[in-house]
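Below is one structure, written out as structure tokens, with a few remarks after it.
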Amino acid sequence: MKISRKSQFRLKIRHFLFGMSFTDGFLSKFIIYVLLISFGYIYLYPMLFMVVTSLMSVDDLIDPGIRWIPSALQGVNYLRALEVLQIPGSIWETTSYVLKVSLSATVSSAIIGYGFARFDFPLKKLMFVLMLATFILPSQVTMVANMLIYKNLNLMSTQWSMVLPAIFGQGLNAAIFILIFYQFFRTIPTVLMESAEVDGATHLQIFRKIAIPLAIPSLVVVFLFSFVWYWNETFITGLFVGGTVTLPLKLQAFRSAYETLFPPGTPGAELNEAIMMAGNVLTILPLLVLYFFAQRSFVESIDRTGITG
Amino acid sequence: MKKFFANVGHCFRKLKTAIASFWLYRIDPIFGWIGKVLTHNFILRIENARLTLFSFIRLKVTRKRRESFYGLMFVMLWILGYLVFTLYPMFYSLYLSFQEAYYSLQEGVKSTYIGFQNYLNIFRSETLLPLFGTYLGKMLISIPLIIVFSILIAILINNPIKMKGFWRTVFFLPVVIASGPVIRELQAQDATSLPSLQDSALLSYISENLGAWLANPLEAILTSMLQILWYAGIPILVFLAGLQKVDKSIYEAASIDGASPWDRFWKITLPSIMPLVSVNIIYTVVTMSLFVEPGGILDIIRTHMLVGAPDSAFWFGYGYAAAIAWVYFLLMVIVIGIFVGVLSIRKKDR
Numbered sequence: 025m026k027i028s029r030k031s032q033f034r035l036k037i038r039h040f041l042f043g044m045s046f047t048d049g050f051l052s053k054f055i056i057y058v059l060l061i062s063f064g065y066i067y068l069y070p071m072l073f074m075v076v077t078s079l080m081s082v083d084d085l086i087d088p089g090i091r092w093i094p095s096a097l098q099g100v101n102y103l104r105a106l107e108v109l110q111i112p113g114s115i116w117e118t119t120s121y122v123l124k125v126s127l128s129a130t131v132s133s134a135i136i137g138y139g140f141a142r143f144d145f146p147l148k149k150l151m152f153v154l155m156l157a158t159f160i161l162p163s164q165v166t167m168v169a170n171m172l173i174y175k176n177l178n179l180m181s182t183q184w185s186m187v188l189p190a191i192f193g194q195g196l197n198a199a200i201f202i203l204i205f206y207q208f209f210r211t212i213p214t215v216l217m218e219s220a221e222v223d224g225a226t227h228l229q230i231f232r233k234i235a236i237p238l239a240i241p242s243l244v245v246v247f248l249f250s251f252v253w254y255w256n257e258t259f260i261t262g263l264f265v266g267g268t269v270t271l272p273l274k275l276q277a278f279r280s281a282y283e284t285l286f287p288p289g290t291p292g293a294e295l296n297e298a299i300m301m302a303g304n305v306l307t308i309l310p311l312l313v314l315y316f317f318a319q320r321s322f323v324e325s326i327d328r329t330g331i332t333g
Numbered sequence: 383m384k385k386f387f388a389n390v391g392h393c394f395r396k397l398k399t400a401i402a403s404f405w406l407y408r409i410d411p412i413f414g415w416i417g418k419v420l421t422h423n424f425i426l427r428i429e430n431a432r433l434t435l436f437s438f439i440r441l442k443v444t445r446k447r448r449e450s451f452y453g454l455m456f457v458m459l460w461i462l463g464y465l466v467f468t469l470y471p472m473f474y475s476l477y478l479s480f481q482e483a484y485y486s487l488q489e490g491v492k493s494t495y496i497g498f499q500n501y502l503n504i505f506r507s508e509t510l511l512p513l514f515g516t517y518l519g520k521m522l523i524s525i526p527l528i529i530v531f532s533i534l535i536a537i538l539i540n541n542p543i544k545m546k547g548f549w550r551t552v553f554f555l556p557v558v559i560a561s562g563p564v565i566r567e568l569q570a571q572d573a574t575s576l577p578s579l580q581d582s583a584l585l586s587y588i589s590e591n592l593g594a595w596l597a598n599p600l601e602a603i604l605t606s607m608l609q610i611l612w613y614a615g616i617p618i619l620v621f622l623a624g625l626q627k628v629d630k631s632i633y634e635a636a637s638i639d640g641a642s643p644w645d646r647f648w649k650i651t652l653p654s655i656m657p658l659v660s661v662n663i664i665y666t667v668v669t670m671s672l673f674v675e676p677g678g679i680l681d682i683i684r685t686h687m688l689v690g691a692p693d694s695a696f697w698f699g700y701g702y703a704a705a706i707a708w709v710y711f712l713l714m715v716i717v718i719g720i721f722v723g724v725l726s727i728r729k730k731d732r
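Residue numbers (our numbering), protein chains in the order written: chain A, 25 to 333; chain B, 383 to 732.
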């Protein structure tokens, strides 16, 4: 049977549009890209808005005709925001504080996760369930008593009040971190550890010399997440450590800080949205840089939690 | 005289023997005991796989027991922390929630028992009760929204498309940058609602035509649509990881048997990522609930705690703060329970 030219052409078109099984055709690809781009735009809209607004002058802010492209780039906004947020000093301050907390959280959750994964002991199941349950417990429930504990220990308004719970595996989202290490250490064959034990290594040595070097990818993931989460945490940090320790907390107090630096009435220095947005951009900039470099570890972190089976 | 000396001597000798016998029978054993403790390791003794504690608790050191001891040592960090920083504070705040408690610099916490008064005050409060209602409504509407949205995005990314890594990066970005103050500033600038939604008449239509119980949460969701969608960052990745684990040959077999993409989605894709839905629901409920909005319940808890003083007519101090926190926690658990319960009911039907 001979297929006519016309129907051959029609078949080709159909193949091009719908593919072999619909999902690999042009049409479905087109729909997928359109959807992804529009959702991506929705997702990034606040970010774009932030960056664009931060570069606008006062006239641009008021002008309804200007939405995305400022008439002139205003670097002054950033200079003011830098001054108010006390960057670069405060970036160093925030980083050193967050590093302390997140490193202690990482190390302690590695130790605890190893304990849960490698050993059997009475009440282990109960403890594990309780450990996971701490994830859904709001810190507001425990903060009253914790505040009193820190007050009695004279740790209030010091960074110890965040570091101490982190060391003892009760820090921010510690349950997730312990779970990540638990899942990872379960995958290491016990034969490896047993052979080291036969050679006379103590459990601490096995942990230090075998488990930790193998767990470096998990350590990186946990460290990155705890860094980001502690950086962004403002409620408990503001309560326990102090009002202006981290950059986001400084951003929270941006208005009053601005008014002490540039008292209201100073000509040409009124606080406007553009300066606020510049402050926002500067606050998230360190995290964006971190995300840019460690993007792969962040995105592949989910596989390491092992919740997907 | 001689007799007297003899008497004294006798007494002296008697005393000497008394002291000697006291020493011998009372003091010496103590020294001996201490010596034994020091030399024989009284407190803890290990000989030939036999562990002796205080010389009367005898344990056989098996491999299992040693392992569990080391395991406990590793987890001890967590156990101590849990007892001190979580369990004790939980009980303490539960106790405080039945008290009228204020903090004073001189005396620490002063508290008097008032029964369920704090809880009654919550239900009488004109500011808190609507907030709790809005919270529940917001959860019940936005959680399914987030889950559906993240499944959709995950399926889109899972298709054979270009720049997969780029799209994953884009949709994960909010997790990295979303902190309270930043979101608050964005909200203040109306940057968290969909721009077209803001201009449409939908918002005013909703607030005019629906009851407050439904209109309030709906309005809250619509005006912070983007912020809510931002919560999908981690669920998208979880679903994506789940989708990548699904065996490709199942799809092939199904399409050979004539299943359409629609059928394949409902019969293969969805059942295989169903277990992840409950994980994501728990994660999203918790992260959404723990986000501190200005003027929200969590913010009010803090003000009650910090501003509260015995003479304050508005702020009821530590006890009231603890009571609100507990009610909020219970609501969270109930919301999680509802969602997970609904999911498991559907599972039984099948």
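Quick reminder that beta carbons are idealized off the backbone N, C-alpha and C, glycines included.
(message) On the CB-based measure, 16 or more other CB atoms within 10 Å of its CB, does Met689(B) come out buried or exposed?
(response) As written in the sequence, residue 689(B) is Val, which differs from the Met given in the question. Val689(B) should be labelled exposed.
(message) Less than 7 Å between the beta carbons of Tyr470(B) and Gln481(B), yes or no?
(response) no
(request) Taking only the alpha-carbon atoms, compute the straight-line gap between Ser95(A) and Tyr206(A) and give it to the nearest angstrom. (result) 54 Å
(request) List the residues of chain A whose Cβ lies closer than 7 Å to the Cβ of Ser475(B), in chain order. (result) Val165, Thr166, Val168 and Ala169
(message) Cutting at 6 Å between CB atoms, please list the residues of its own chain near Gly699(B), excluding the five before and the five after it.
(response) Ala483, Tyr484 and Gly690
(request) Whole angstroms is fine: what's the gap from Pro146(A)'s alpha carbon to Phe231(A)'s? (result) 21 Å
(request) Note down, in chain order, all residues in the stretch 548-567 of chain B with a beta-carbon under 8 Å from any beta-carbon belonging to chain A. (result) Trp549, Arg550, Thr551, Val552, Phe553, Phe554, Leu555, Pro556, Val557, Val558, Ile559, Ala560, Ser561, Gly562, Pro563, Val564, Arg566 and Glu567
(message) Quick check on DSSP: helix, strand or coil for Ile496(B)?
(response) coil
(request) Starting from the beta carbon of Val689(B), find every residue of chain A whose beta carbon is closer than 7 Å, and list them in chain order. (result) Going along chain A, no residue has its Cβ under 7 Å from Val689(B), so there is no contact; the nearest lies around 13 Å.
(message) Rounding to the nearest angstrom, what Cα-Cα distance links Ile679(B) and Pro542(B) in this structure?
(response) 44 Å
(request) For Ser493(B), decide whether its Cβ has a neighbour in chain A, counting only Cβ atoms nearer than 7 Å. (result) no
(message) Cutting at 7 Å between CB atoms, please list the residues of its own chain near Arg210(A), excluding the five before and the five after it.
(response) Ala141
(request) Mind listing the chain B neighbours of Leu154(A)? Cutoff is C-beta to C-beta under 9 Å, in chain order. (result) Tyr464, Thr468 and Leu469
(request) Decide if the stretch 101-115 of chain A is in contact with the stretch 263-274 of chain A; the criterion is three or more beta carbon pairs, one per stretch, under 8 Å apart. (result) yes
(request) Measure the Cβ-Cβ separation of Glu449(B) and Phe208(A) and say whether it is below 7 Å. (result) no
(request) Answer yes or no: do Val667(B) and Ile326(A) have a C-beta to C-beta separation smaller than 7 Å? (result) no
(request) Taking the CB atoms as reference points, tell me whether Leu41(A) and Leu538(B) lie closer together than 7 Å. (result) no
(message) Quick check on Val491(B): does DSSP put it in helix, strand or coil?
(response) strand
(request) Using a cut-off of 7 Å between C-beta atoms, extract the partners of Glu297(A) located in chain B. (result) Gln571
(request) Kindly indicate the opening and closing residues of the beta strand (DSSP E) around Tyr592(B). (result) Correcting the residue identity first, residue 592(B) is Leu in this sequence and not Tyr. Neither: Leu592(B) is in no beta strand (DSSP E) and is coded neither H nor E.
(message) Quick check on this structure: which residue in Gly497(B), Pro563(B) and Met472(B) has the alpha carbon closest to the alpha carbon of Gln164(A)?
(response) Met472(B)
(request) My understanding is that Ile720(B) touches Ile683(B), with C-beta atoms under 8 Å, so please give their C-beta distance in whole angstroms. (result) At roughly 23 Å, the Cβ-Cβ gap does not stay under 8 Å, so Ile720(B) and Ile683(B) are not in contact.
(request) Could you tell me which residues DSSP pairs with Lys442(B) in its beta bridges? (result) Arg432(B)
(message) Counting only C-beta atoms, is Val252(A) closer than 7 Å to chain B at any point?
(response) yes
(message) Counting only Cβ pairs nearer than 9 Å, list the residues of chain B close to Phe42(A).
(response) Ordered by position in chain B, no residue passes the 9 Å Cβ test against Phe42(A), which lies about 11 Å from the chain.
(message) Less than 7 Å between the C-beta atoms of Ser475(B) and Ala704(B), yes or no?
(response) yes
(message) Do Trp253(A) and Asn197(A) count as a contact pair if the criterion is CB distance below 7 Å?
(response) yes
(message) Please tell me whether Tyr484(B) has its Cβ less than 7 Å away from any Cβ of chain A.
(response) no
(request) Taking Pro617(B) as the reference, give the member of Leu584(B), Asp645(B), Ala602(B) and Leu658(B) with the closest Cα. (result) Leu658(B)
(request) Determine whether the Cβ of Ala334(B) lies closer than 7 Å to any Cβ atom of chain A. (result) For chain B, the structure presents residues 383 to 732; residue 334(B) sits outside this window and is missing.
(message) What does the alpha-carbon distance come out to for the pair Leu68(A) and Gly266(A)?
(response) 32 Å
(request) Please list the residues of the stretch 138-150 of chain A that have a C-beta atom closer than 8 Å to any C-beta atom in chain B, keeping them in chain order. (result) Tyr138, Gly139, Phe140, Arg142, Phe143, Asp144, Phe145, Pro146 and Lys148
(message) Once DSSP output is grouped into helix, strand and coil, what is the label at Glu283(A)?
(response) helix
(request) Run the CB neighbour count on Phe386(B), radius 10 Å, all protein chains shown included, and call it buried at 16 or more, exposed below. (result) exposed
(request) Check the Cβ-Cβ distances between Ile683(B) and every residue of chain A, and say whether any is below 7 Å. (result) yes
(request) Count the CB pairs spanning the stretch 621-629 of chain B and the stretch 585-593 of chain B that are closer than 8 Å, and state whether there are at least three. (result) no
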